[in-house]
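S.K.:
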Amino acid sequence: MLIGNGGGFRGLGSGGGYGCFGGRGEYGGSGGGEYGGSDSGQGRTLTTRVIVMKPLVFFFLLSLVFSFVTYNLINMIIRYTFVGFEKSYSKAAGFTQLFPDPIIHMPHNLTKPKPQKLLFHIALTATDTPYSKWQCRIMYYWYLKKKNLPGSEMGKFTRILHSGTPDNLMDEIPTFVVDPLPQGFDMGYIVLNRPWAFVQWLEKATIEEEYILMAEPDHIFLNPLPNLAYGDYPVAFPFFYMKPAEHEEIIRKFFPKENGPVTNVDPIGNSPVIIKKNLLEQVATTWMNISLRMKHDEETDKTFGWVLEMYAYAVASALHGVQHILRKDFMLQPPWDLDTRKKFILHYTYACDYNMKGELTYGKIGEWQFNKRSYIKGPPPKNLSLPPPNVPESVENQLALKATNEE
């Protein structure tokens, strides 16, 4: 600070007062200051200007800092208030978010790669009839062919025999004998023994694998089968004829409204399904009970017919909150499936009838035919003819025939 006689903001003069302009200072004093008066300690004008600028720069920088802090503080308050409102509104309205996130997050366990092989146990239910036996032999044959190939997570194999007594395949195929339902309980619908067989097997058998594939005798493994399930999400094949929503009135007899929408009932049966063992243990008893209830309900029995037990499994799973991953590539069903993409299982349950031009004649016995029901009393002969050349490879059932011939 320059001290002079004239006062002023940058000089302390005899007149007192502070001011940028001389005279009496800004408001008084008789001295000069920067621009006037007789200032004995006047100093140089340039020096005075530099000194005047320093506080201006300081105040300018200070104002910038203050503005920046104020902006961020206000923005944070607004954001916090809005988020709080969003959460409160969402909770009151019953939504997860006021403005939905465009990204649908997958369940945590689905986003992680499998750390190691997750083996699954292959289990199929069977009887001691010749019809069941030859199908089981072919199924087991192809299991052995694919089990140890790259990409396979296939574990051990069990034929659950629900005839109550051992048969002549015990030494050829790993078999676990369980009791059939008491006489008359199945009401002529032998498939009702399937859930009861699984209940007994799960209770009594030692199963090393964490997962189970429920399969059927008329399944053939086309390729090494990996574990398609993810954690508590089992995997199943969606059947085109399974339509729970179209039978809501019947489904509601066994799946009350308080359990959720009918769409929670998956369009599946119990096979093929890969599921965690502990989940199947929960579902199996319910599956058995629902099957019996459905069979004893006249309307349900008449409507569902031969797929009744499949609906029972779907309903039982939904009652336990079990939702399945649906994969169409899980299984191929000739002659309907025309897709030639990679499939894992061939299901030869439908009759395949073709004329010699390779045209499908379904519902009418064709010039060339393969129908497993033609071999109730014993296996097909090894010299079965192959289908006509123009039959699509994806539906010709040739693989099933080759399996039979090789066996």
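Going by the working numbering, the first residue of the sequence shown is number 333, and it counts up by one from there. Yeah, the Cβ is synthetic: ideal placement off N, Cα and C, and Gly gets one too.
#1: Exposed or buried, what is W466 when buried is set at 16 or more other beta-carbons lying within 10 Å of its beta-carbon?
#2: So which of N480, A683 and H656 has the shortest CA-CA distance to W668?
#3: Express the C-alpha separation of F553 and W474 in angstroms, rounding to a whole number.
#4: Grouping DSSP H, G and I as helix and E and B as strand, with all else coil, what is D511?
#5: Relative to the C-alpha of A740, which residue among C468, A616 and T461 is closest?
#6: How would you label Y543, buried or exposed, when you count the other beta carbons within 10 angstroms and need 16 or more for buried?
#7: Measuring straight from C-alpha to C-alpha, what distance separates R705 and R584?
#8: At the level of alpha carbons, what is the spacing between I708 and P720?
#9: Alpha carbon to alpha carbon, what distance is there between Q655 and E580?
#10: Three or more beta-carbon pairs under 8 angstroms between the segment 570 to 578 and the segment 468 to 488, yes or no?
#11: Check whether the segment 511 to 527 and the segment 608 to 626 touch, using three or more Cβ-Cβ pairs below 8 angstroms as the test.
#12: For K575, name the three-state secondary structure that DSSP assigns.
#13: Residue range of the beta strand (DSSP E) that H551 falls in?
#14: Grab me the residues of I522's own chain with a C-beta within less than 8 angstroms of its C-beta, minus the 5 sequence neighbours each way, in chain order.
#15: Could you please give me the residues that DSSP links to I708 through a beta bridge?
#16: Which first and last residues belong to the alpha helix (DSSP H) in which I583 is found?
#17: Excluding sequence positions up to five away, which residues of its chain have a Cβ less than 8 angstroms from the Cβ of P593?
M.R.: Inspection of the coordinates gives the following:
#1: W466 comes out buried.
#2: The shortest C-alpha separation from W668 is found at A683.
#3: C-alpha separation (whole angstroms): 6 angstroms.
#4: D511: coil per DSSP, three-state reduction.
#5: Outside the displayed range of the chain (333 to 739) lies residue 740, so it cannot be described from this structure.
#6: In the assembly as shown, Y543 is a buried residue. Its beta-carbon has 16 or more other beta-carbons within 10 Å.
#7: Taking C-alpha positions only, R705 is separated from R584 by approximately 35 angstroms.
#8: One Cα belongs to I708, the other to P720, and the distance between them is close to 25 angstroms.
#9: Rounded to whole angstroms, E580 to Q655 spans 18 angstroms at the Cα level.
#10: Three or more beta-carbon pairs separated by less than 8 angstroms are not found between the segment 570 to 578 and the segment 468 to 488, which leaves the two stretches without contact.
#11: Because the criterion of three Cβ pairs below 8 angstroms is met, the segment 511 to 527 and the segment 608 to 626 touch.
#12: For K575, the secondary structure class from DSSP, reduced to helix, strand or coil, is coil.
#13: Note, H551: beta strand (DSSP E), H551 to F553.
#14: T459, listed in sequence order.
#15: BP columns for I708 are empty, so no partner.
#16: Run containing I583: E580 to I583, per the alpha helix (DSSP H) assignment.
#17: Closer than 8 angstroms at the Cβ level, and outside the excluded window around P593, lies no residue.
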